[in-house]
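Novice: The opening position of the sequence shown corresponds to residue 373 in this note's numbering, with each subsequent residue numbered one higher. Think of the CB as a built atom: it goes at the ideal place given N, C-alpha and C, for glycine as much as any other residue. This one's a predicted model, so the numbers in the text were calculated from it and none came from an experiment.
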Amino acid sequence: MDTAAASSDTGLGLTVLFSIVALFGVVGMFVAGLTGDQFVAAVGFAAALIAASLAVSATHLFG
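In C-alpha cells, the structure reads:
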C-alpha cells in the first residue's frame, strides 16, 4: 500500500512573509518609542501581534 502526502511550501512562505510584517511592526514600535508617539506605537504593536499570530497559524495550517 502506497501512501503519499502532497507537500507545499505555502506554509513556509506565509510564515516568512508574516514574520517580516511583524518585524516592521516592531520597528514601528521602536521608532514610536524614540519619538514618543503613542498612536504609532499602538499601530505597530497591533501589526506585530496580528502578523505573528498569522505566522504561527500559517505554519499549522499549511505545514
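#1: Which of helix, strand or coil does DSSP assign to Gly-435?
#2: Return the Cβ separation of Ala-427 and Ala-394 in integer angstroms, given the expectation that the two are a contact with Cβ distance under 8 Å.
#3: Can you say whether Gly-316 is buried or exposed, counting buried as having 16 or more other CB atoms within 10 angstroms of its CB?
#4: On a Cα-Cα basis, can you pick out the residue from Val-412, Thr-407, Phe-411 and Leu-386 that is closest to Ala-423?
#5: Mapping the DSSP letters down to three states, classify Gly-380 as helix, strand or coil.
Specialist: The short version:
#1: Here residue 435 refers to the residue found at position 63 when the sequence shown is read from its first residue. Looking at Gly-435 - three-state DSSP - the assignment turns out to be coil, as it is neither helix nor strand.
#2: By 1-based counting over the sequence shown, the position of residue 427 is 55. By 1-based counting over the sequence shown, the position of residue 394 is 22. Confirmed, about 7 Å.
#3: The structure shown does not extend to residue 316, since the chain is modelled only from 373 through 435, so no value can be given for it.
#4: Start at 1 with the first residue of the sequence shown, and residue 423 comes out as number 51. That would be Leu-386, whose Cα lies nearest to the Cα of Ala-423.
#5: The sequence position of residue 380 within the sequence shown is 8, counting from 1. The identity of residue 380 in the sequence shown is Ser, whereas the question assumes Gly. Coil.
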